[in-house]
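Protein chains in written order, with our numbering: chain A, 1 to 112; chain B, 113 to 225.
Notes for the one structure printed next.
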């Protein structure tokens with residue numbers, strides 16, 4: 001069974017204080033690892049897909065990296081508007097169909 | 113607006129009742145996925161349809177069922193509702209089955225009283 005564990009559960013940062021979120025995963029055969037951002041009461045918003053170990057992707061202040069066992073979401077010089085819950089999910093190769101298995105998320109708060 | 117439309121946004125109903133949640137996928141997307149998000153369990157995959165056919169099934173209760181229609185919209189039917197079914201229900205869509213990030217709708221908040 002695919003499993004995703006995210007840490008920390010919650011993180012408080014001061015504006016401009018860089019940090020990283022961790023996503024550890026076990027999956028039978030990784031098809032893709034996904035990062036989403038979710039604001040309270042709203043649907044998850046797609047950020048990145050990583051397909052193989054060593055891959056990196058960047059978007060504004062966010063950078064996602066992938067190894068064979070974990071992924072990191074690095075946040076550089078965060079702003080208050082980066083406050084949200086960040087979700088990691090894995091997709092395994094399946095004979096038919098697909099699904100994303102999500103972690104519980106990291107709730108990020110950035111104080112001005 | 114993500115392009116995935118879910119209705120209704122909020123639903124309050126009594127235990128034992130049946131409700132139907134509706135989802136219109138993003139234009140051009142053939143796959144529809146349903147997820148349940150409750151406070152204590154995070155996002156849980158329920159079921160996937162691709163071009164009208166069921167393709168993957170998660171831990172969906174027997175009281176729940178879904179279908180995808182020829183126009184690609186999907187409906188999730190929840191019956192014999194219990195207090196524990198109160199949650200946010202999200203629909204997501206993607207162009208094909210797998211390999212791409214899903215686009216999520218804004219969800220339906222179901223409250224069972």
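The C-beta atom is built at its ideal place from N, Cα and C for all residues, glycine as well.
Within the stretch 16 to 87 of chain A, the runs of beta strand (DSSP E) at least 3 residues long that lie entirely inside it are, in chain order, 19 to 26, 30 to 38, 45 to 50, 56 to 59, 62 to 66 and 70 to 75. Taking residue 198 of chain B as reference, the option from B:121, B:161, B:150 and B:115 with the minimal CA-CA separation is B:150. Close to residue 157 of chain B, with beta-carbon spacing below 9 angstroms, are these residues of chain A in chain order: 99, 100, 101 and 102.
Within 10 angstroms of the beta-carbon of residue 3 of chain A lie fewer than 16 other beta-carbons, which makes it exposed.
Chain B has no Cβ within less than 8 angstroms of the Cβ of residue 107 of chain A. The beta carbons of residue 225 of chain B and residue 194 of chain B sit no closer together than 8 angstroms. When rounded, the separation of the alpha-carbon atoms in residue 123 of chain B and residue 45 of chain A is 23 angstroms. Note on residue 144 of chain B: 16 or more other CB atoms within 10 angstroms of its CB, so buried under the neighbour-count rule. Beta-bridge partners of residue 99 of chain A (DSSP): none assigned. Contact check between the stretch 77 to 88 of chain A and the stretch 173 to 184 of chain B: fewer than three CB pairs, one atom from each, fall below 8 angstroms, which does not count as touching. Taking the Cα positions, residue 178 of chain B is about 34 angstroms away from residue 73 of chain A.
Rounded to whole angstroms, the Cβ separation of residue 134 of chain B and residue 119 of chain B is 5 angstroms, and the two are in contact under 8 angstroms. Contact check for residue 216 of chain B against residue 114 of chain B passes: the beta carbons are separated by less than 8 angstroms. Counting along the chain, residue 225 of chain B sits inside no beta strand (DSSP E), nor does DSSP assign it H or E at all.
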